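A.B. asks: Numbers 1 to 276, taken from UniProt numbering, label the letters of the sequence shown in order.
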Amino acid sequence: MAIWGKMFGGVAGFAVGGPFGALMGAALGHAADNGSLLKPSTGGWSERFPANGRPDPNSAAFFGAAKIAAALGKRDQLYAIGLVALCAKLAKIDGPVNRHEINAFKTCFQFPPDNVKEVGMLFDRARDRTDDFEMYAREMGKAYADNTAPLENLMTALFRIARADAGPSRELHPKEIDFLQRVHRAFGLPPGAWDRAESGNSRAASGNEPDAYRILGITRSATDTEIRVRWRTLIREHHPDVLAQKPMSEAERRHAQDRVARINAAWDRIKRDRQL
């Protein structure tokens, strides 16, 4: 994924000397202090992430970096920070982080070898604190309000990590369920996204599908009533029976029929997604 090179390489260089650089520097400072960004890892992530982490005074700066990245429009960087942070905090929410959760995280996302140390460091810092995860989720929800597919993919990964240590029962810890529900709300995702993530089916499989909201000419933040009214308005405007009252060529008639079909298909997808 290209986001890792941008997050841990280009952004740091781009922002040095500015407020974003100061915040990112504070978040990464402890790694520079102990040289962990300069020397190769001596073991797997389960060894590098001890179970008894201590509160991190840089956690505010860690979130600040994500927030500034969002303000600057650096969505890839925001996604990279938020992804690592949420996965780490979920792994810790029900107790000490274990090898199963680390392995699930590494399986869900393919990290370039050059960025493994930085990903590990961010994961390690993020899991020190678990009471701030909604801040990350809200910033990501705002940044990806017009394209929620990456957030749905992340929700699917979060479910996978939560189940990594669930045992044969596959039942999630109550704290994990609460975490996932609050992230789902903060992301601003519809009910259908929860069902897809819980079952392991992200929106990525339908990535080539035209955006239903764009077809209707309405934003994802629109209410159910606003969307319903918009659909009815478009149907009235483009229905072939209405247009038949005007002089039309055969090609124009076919275009009108196709337009109505796409409008109805978009409405059906939104209804299914929002469980209307």
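For glycine and all other residues, C-beta sits at the position ideal for the given N, C-alpha and C. Keep in mind that this is a model prediction, so the values were computed, not measured.
1. In the DSSP assignment, find the alpha helix (DSSP H) that holds residue 248 and state where it starts and stops.
2. Between residue 221 and residue 145, is the Cβ-Cβ spacing less than 8 Å?
3. Can you list, in chain order, the residues of its chain with a C-beta nearer than 8 Å to that of residue 263? Leave out the 5 residues immediately preceding and following it.
4. Quick one: Cα of residue 275 to Cα of residue 91, how far?
5. Do residue 150 and residue 213 have their CB atoms nearer than 8 Å?
6. For residue 102, does the three-state DSSP call read helix, strand or coil?
7. How about residue 161 and residue 104: are their beta carbons less than 8 Å apart?
8. In chain order, what residues of the same chain have a beta carbon less than 6 Å from the beta carbon of residue 183, not counting five sequence neighbours either side?
9. Would you tell me roughly how many angstroms separate the C-alpha atoms of residue 120 and residue 114, rounded to the nearest one?
10. Please report the straight-line C-alpha distance between residue 271 and residue 226, rounded to a whole angstrom.
11. Around the Cβ of residue 147, are there at least 16 other Cβ atoms within 10 angstroms (buried) or fewer (exposed)?
12. Residue 176 and residue 93 - do their beta-carbons sit closer together than 8 Å?
C.D. replies: Looking at the atomic coordinates:
1. Segment: none, residue 248 is in no alpha helix (DSSP H) and carries neither H nor E.
2. Their beta carbons are under 8 Å apart, which means residue 221 touches residue 145 by this criterion.
3. Take residue 263, set aside five residues on each side of it, and the residues of its chain with a beta-carbon closer than 8 Å to its own are 215, 216, 231, 234, 235, 238, in chain order.
4. Taking the straight line joining both Cα atoms gives about 30 Å.
5. Taking the C-beta atoms as reference points, residue 213 is found no nearer than 8 Å to residue 150.
6. Three-state DSSP puts residue 102 in a helix.
7. Going by beta carbons, residue 161 and residue 104 fall inside the 8 Å limit.
8. The beta carbon of residue 183 sits closer than 6 Å to the beta carbons of 137 from its chain, once the five residues preceding and following it are set aside; these are given in chain order.
9. Distance between the alpha carbons of residue 120 and residue 114: 12 Å.
10. For residue 271 and residue 226, the distance between alpha carbons rounds to 13 Å.
11. Burial call: exposed.
12. If you check the CB distance, residue 93 and residue 176 come in under 8 Å.
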